[in-house]
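Q:
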Amino acid sequence: MPVLLKAQPVKQFRYSAPWRVSTLWKDRVQQFLFIAPTSFYLVVLTLFPFIYSVYLSLHKVRLTTLHRKLFVGLQNYVNLFHDGVFMEALRNTALLIIASLILEILIGFVMAKVFYEIRRIRWVNGLRSVYLMPVMLTPLSVGVTFGYILNPTLGIMNYLLQCIGLSPVAWLGEPTTAQISILMINVWQWSPFMMLLILAGLTSIPQNIYEAAEVDGAKWHHIVRFVEIPSVRSIIMLGAILRIIDMLRFFDVVYVATRGGPANATMLVTLYAYQEDFQYFDVGQGSAAAVLILIISIVVTTFAVRFMRSIEYEQA
Amino acid sequence: MSRRKAVNQTLLVAVAAGFTFVSTAPLIWMALGAFKTVAEFIAIPPVWIPNFTYLRNFSDLWDNYAPFLLNSLLASVGSTLLTLVLALPTAFGLVHFKMRSANALADWILSTRMMPPIAAAVPLFIIFNWLGLLDSVWALIIGYAGFNLPFAVWVAMSFLRRVPRAVLEAARLDGCSWLQTLMWVALPMCVSGLMTVAIFVFIFSWNEFMLALFLTSRTARTFPVVIASFVATGKVYWEYLSTSTIIQCLPPVILSLVMQRRIVSGMTMGAVKQ
């Protein structure tokens, strides 16, 4: 029986009988040793670097001469907003996120509905896990694969277009088509993930609601609109949050397929920060870009953490 | 009515099959390329079915780039082990210890997962430079473990929560230390959850590219970095491109087929269970 549960807060509970002080003390030490290493590790490896990035973003400093730092205040941020490339990267990232989310949710919902309707056929389970495969693939090799497929002269895509009588397209070579190509690659890889989430949501709808709707004479579009969409809304929200967080760090595919080109049409904020840091060695500027990404992430994260605490889906 | 339903079902299966084809075709096309000569690989019209006995690409790649494959494997396995050693006790503690700040701590750990790695790039570069670990697999093991810890802790929490408290209490009363309780009582009760965490952390590390790109330069390069170098330099190494891509994708593909239903809970950090 599928159920929808609220996440339980960690309960307060007392285990050992503290009849001896030394036992209690030993307990405390053990408990400390369970929690402390991870916390320390995360402080050193994530928290400290983030703070240090903020510090670097306020300085003029080059990767090759790290010991020479010149405090420049917010100058790097000012430069950032006067840099056309960064503004373009910001716009491209925003567009990519919005367009991907819409398409992924749409395709994900339709496919979830399809797989939901045919779930009783036994071999469909196998089909579904094959359909899901792109989700697990190495993003970099996805970029390489599509770089080959969409190659203007050697790629199979243009060959197929010509076979059906269409003219070839400069997929990754023209600004607009490159943007669309990157969008399609992203949607290709991640729609199955949305599908899986929404399918989990659909499966958790109790059958008797469907039966009740049928008795009331509901047509299929009524069921979609008044039963299914409201039931999967929170799980779509969860998926959207996870996707936004992932897309803010989207890097591998553009790095290998377009390098941000042509004419910065596929430049994304992560790639911008990476290039400033490790190609132009302008660490101050790169860090300023990174800090802006960080701030956007923090806003999303604040939502996300609260949200992930509040829901927990469970399926029988 | 039932006949119409059957027709509908057939139609839906066809749609699902169509999408599955779209989902897999690019990778299959790449896989076929692994058995082609350079000339066949870039031929137009394309060579649809290659000669599957042509294994030169694989042997060449193995001869020249096997050490980098080993790097990838070492970094992934190493960071998986390190992540588990750190994450499991923490997750257990956050769920079962009497701690006032457990929820806040768990939220903080989750929030570090959401931070973009690029924001930590230069400081990590500086730290590892200072430790003399640049271009070393150790840097990757340590770095990957750091970025996978929050994920591992959260998923581990979601399954450790299901271990009945009474069982742990009994173990404690019988004189087990907390570590013994975790090792011999709690963990054996959730082997499948444990596998989920381990496999996901392995795949995340195996798929990672950006950290490896700037933390390694020569000897410690991982396989994805090597693949990127086949494209990035002036000359494109067509003959290695598809072979290396297939080798790189093989572990995630196999593991994802093995994982099947657990993918949902893994990809949502334990928020959705099946």
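Protein chains in written order, with my numbering: chain A, 9 to 324; chain B, 21 to 294.
Glycine residues also receive a C-beta, built at the ideal position from the N, C-alpha and C atoms.
Please report whether the beta-carbon of A:Ser149 lies at a distance below 8 Å from any beta-carbon of chain B.
A: Closer than 8 Å to some Cβ of chain B, the Cβ of A:Ser149 qualifies, so yes.
Q: Output yes or no for whether 8 Å exceeds the beta carbon distance between A:Gly163 and A:Ile157.
A: A contact, by the Cβ cut-off of 8 Å.
Q: What does a CB cutoff of less than 7 Å around A:Ala297 pick up in its chain, not counting 5 residues either side in sequence?
A: Hits under 7 Å: Leu88, Phe94, Val277, Tyr280, Ala281, Glu284.
Q: So, with DSSP's three-state summary, where would you put A:Val29?
A: With a pLDDT of 48 at A:Val29, under the threshold of 50, the predicted position of this residue should be treated as unreliable, though the coordinate-derived value follows. Three-state DSSP puts A:Val29 in a helix.
Q: Output yes or no for whether 8 Å exceeds the beta carbon distance between A:Leu109 and B:Pro272.
A: No, they are not a contact pair.
Q: Please list, in chain order, all residues of the same chain as A:Phe42 whose beta carbon is under 8 Å from its beta carbon, the five residues on each side excluded.
A: The answer is none, since no qualifying residue turns up.
Q: Pull up the distance between the alpha-carbon of A:Phe58 and that of A:Gln197, whole angstroms please.
A: If I take the Cα positions, the gap works out to 29 Å.
Q: Rounding to the nearest angstrom, what Cα-Cα distance links A:Ile301 and A:Val138 in this structure?
A: About 34 Å.
Q: Looking only at its chain, what residues have a beta carbon closer than 6 Å to the beta carbon of B:Arg282, apart from the 5 residues adjacent to it on each side?
A: Result list for B:Arg282: Thr216, in chain order.
Q: Going by the beta-carbon positions, is the gap between B:Pro46 and A:Thr153 smaller than 8 Å?
A: Cβ atoms of B:Pro46 and A:Thr153: closer than 8 Å.
Q: If you measure from the beta carbon of B:Asn227 to each beta carbon in chain A, is any gap under 8 Å?
A: At least one chain A Cβ lies under 8 Å of B:Asn227.
Q: By the 10 Å Cβ neighbour count, where 16 or more other Cβ atoms means buried, how is A:Ala324 classified, buried or exposed?
A: At A:Ala324 the pLDDT is 36, less than 50, meaning the model places this residue with poor confidence and gives no usable figure here.
Q: Going by beta-carbon coordinates alone, are B:Leu214 and A:Gln38 separated by less than 8 Å?
A: No, the pair does not count as a contact, with Cβ atoms beyond the cut-off.
Q: Please state whether DSSP places B:Val27 in a helix, a strand or coil.
A: It is helical.
Q: Measuring straight from C-alpha to C-alpha, what distance separates A:Val29 and B:Leu202?
A: Because A:Val29 carries a pLDDT of 48, less than 50, the predicted location of this residue cannot be relied on, and the following value inherits that uncertainty. Cα-Cα distance, rounded: 23 Å.
Q: Roughly how many angstroms lie between the CA atoms of B:Met135 and A:Leu55, to the nearest whole one?
A: Going from the Cα of B:Met135 to the Cα of A:Leu55 covers about 9 Å.
Q: For the beta strand (DSSP E) that A:Val69 lies in, which residues bound it at each end?
A: It spans 67-70 - the beta strand (DSSP E) in which A:Val69 sits, taken as one unbroken run.
Q: Give the secondary structure of A:Thr73 by DSSP, where H, G and I count as helix, E and B as strand, and everything else as coil.
A: In this structure, A:Thr73 counts as strand in the three-state DSSP scheme.
Q: Could you name the residues of chain A that B:Gln29 contacts, counting a contact when the two beta carbons are closer than 8 Å?
A: By Cβ distance, chain A contributes Glu125, Ile126, Ile129.
Q: Does any CB atom of chain A fall closer than 8 Å to the CB of B:Pro109?
A: At least one chain A Cβ lies under 8 Å of B:Pro109.
Q: On the CB-based measure, 16 or more other CB atoms within 10 Å of its CB, does B:Arg133 come out buried or exposed?
A: With 16 or more Cβ atoms within 10 Å of its Cβ, B:Arg133 is classed as buried.
Q: Have a look at B:Ala59 and B:Glu259 and give me their C-alpha separation to the nearest angstrom.
A: So the alpha carbons of these two residues sit roughly 9 Å apart.
Q: Let me make sure I understand the geometry here. Which of B:Leu130, B:Ile161, B:Asn91 has the alpha-carbon closest to that of A:Val308?
A: Answer by Cα proximity: B:Leu130.
Q: Mapping the DSSP letters down to three states, classify A:Phe258 as helix, strand or coil.
A: Note: A:Phe258 maps to coil in three-state DSSP.
Q: Any Cβ of chain A within less than 8 Å of the Cβ of B:Leu261?
A: Answer yes: the Cβ-Cβ gap between B:Leu261 and chain A drops below 8 Å somewhere.
Q: For a cutoff of 8 Å on Cβ pairs, would you count A:Thr46 as touching chain B?
A: Taking Cβ atoms only, chain B reaches closer than 8 Å to A:Thr46, which makes this a yes.
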